[in-house]
Amino acid sequence: MAALAKQRLGNCPDTKLVLSGYSQGGFVCHNALSAQGLDGSKVAAVVCFGDPLNGQPFQGVDPSRVVKFCDTADNVCPGGQKSGAGWHLSYGSDVQAAAAFIKQAVGL
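Take a look at the structure:
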């Protein structure tokens, strides 16, 4: 993810980059910014669903540009209180809110 984002930003520096991940994809977003050195100030928005690292910041990204969907019952999210995959598979209802956040973040 970081390599592709860096390549895109190198070719088109005004790109409004959005990172998004579901479950382990949330970890990939965190990793792209921390271990892989993607400049968080170049990221317009981060949207994650069921992030196993929920509660941890996205390095270099202003928190106002981040939205996280992590149900309190989802045991994959830190502090999740229920077990079973049902809660972790329930984020489809958050897609409209995520899309609206991205649209606003990139100025559409």
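In this note's numbering, the protein residues as written are 1186 to 1293.
A virtual CB, placed ideally from N, CA and C, is assigned to each residue, including glycine.
Considered as a whole, the region 1222-1273 harbours 1270-1273 as its complete alpha helix (DSSP H) runs of no fewer than 4 residues, in chain order. Sequence-distant Cβ neighbours of residue 1276 in its own chain, meaning closer than 8 Å and more than five residues away, are 1207, 1234, 1235, 1254, 1256. In the displayed model, residue 1278 falls within a helix according to three-state DSSP. Cβ neighbours of residue 1290 within its own chain (closer than 8 Å, five residues either side excluded): 1201, 1203, 1229, 1230, 1250. If you draw a straight line from the Cα of residue 1241 to the Cα of residue 1196, it is about 30 Å long.
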